[in-house]
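In this note's numbering, the protein residues as written are 1 to 113. To start, the structure itself, in structure tokens.
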Amino acid sequence: VDLKRHIKIRKEEEQARRNNILARIPNIDGQRNNSNKEQEEEQLFLFTQVLLKYLERNDPQIHASAKDVLKRMKNKNKDLDAIRSSLYLAVGERYWTRAQFYLSRLHADLVHD
């Protein structure tokens with residue numbers, strides 16, 4: 001009984017920690033669109049591609065860590081919030097915000113073309 005209670009408490013703590021991290025992560029596109037999961041998946045995919053390309057050129061070690069995180073998340077079939085929080089923890093705020101910047105520039109270029 002104590003083991004089950006301990007496991008339940010650990011899961012609740014992990015969820016609370018993840019929610020705390022998600023609350024601090026700057027949004028990928030400046031807005032959080034909860035209305036359409038497919039759009040959110042597409043936005044995360046595009047952001048991830050920009051982030052990985054930036055890391056590949058600027059920090060190969062963090063790039064490898066980010067790829068490992070994504071591979072683990074894919075294998076565990078995690079939800080989008082788990083992927084975002086794990087990726088953010090792996091790359092840090094500096095790289096996360098740089099990728100946001102480049103993604104916003106990409107969006108702007110696509111709109112103006």
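Backbone N, C-alpha and C define an ideal beta-carbon position, used for all residues, glycine too.
Give the DSSP-derived three-state secondary structure of residue 78 in the structure shown. As a position in the sequence shown, residue 78 is number 78, starting the count at 1. In the displayed model, residue 78 falls within coil according to three-state DSSP, outside both helix and strand.
Which residue comes first and which comes last in the alpha helix (DSSP H) that contains residue 58? Within the sequence shown, the letter at position 58 stands for residue 58. It spans 37-58 - the alpha helix (DSSP H) in which residue 58 sits, taken as one unbroken run.
With a cut-off of 8 Å on the beta carbons, I'd call residue 41 and residue 87 a contact; round off their distance for me. For the purposes of this step, residue 41 is taken as the residue at position 41 of the sequence shown. For the purposes of this step, residue 87 is taken as the residue at position 87 of the sequence shown. Not a contact, Cβ separation roughly 14 Å.
On the criterion of 16 or more Cβ atoms from any shown chain inside 10 Å, does residue 50 qualify as buried, or is it exposed? Taking the first residue of the sequence shown as position 1, residue 50 is located at position 50. Buried is the call here.
Contact check, residue 98 vs residue 54 under 8 Å by CB: the rounded distance? By one-based count along the sequence shown, residue 98 stands at place 98. By one-based count along the sequence shown, residue 54 stands at place 54. At roughly 6 Å, the Cβ-Cβ gap stays under 8 Å, so residue 98 and residue 54 are in contact.
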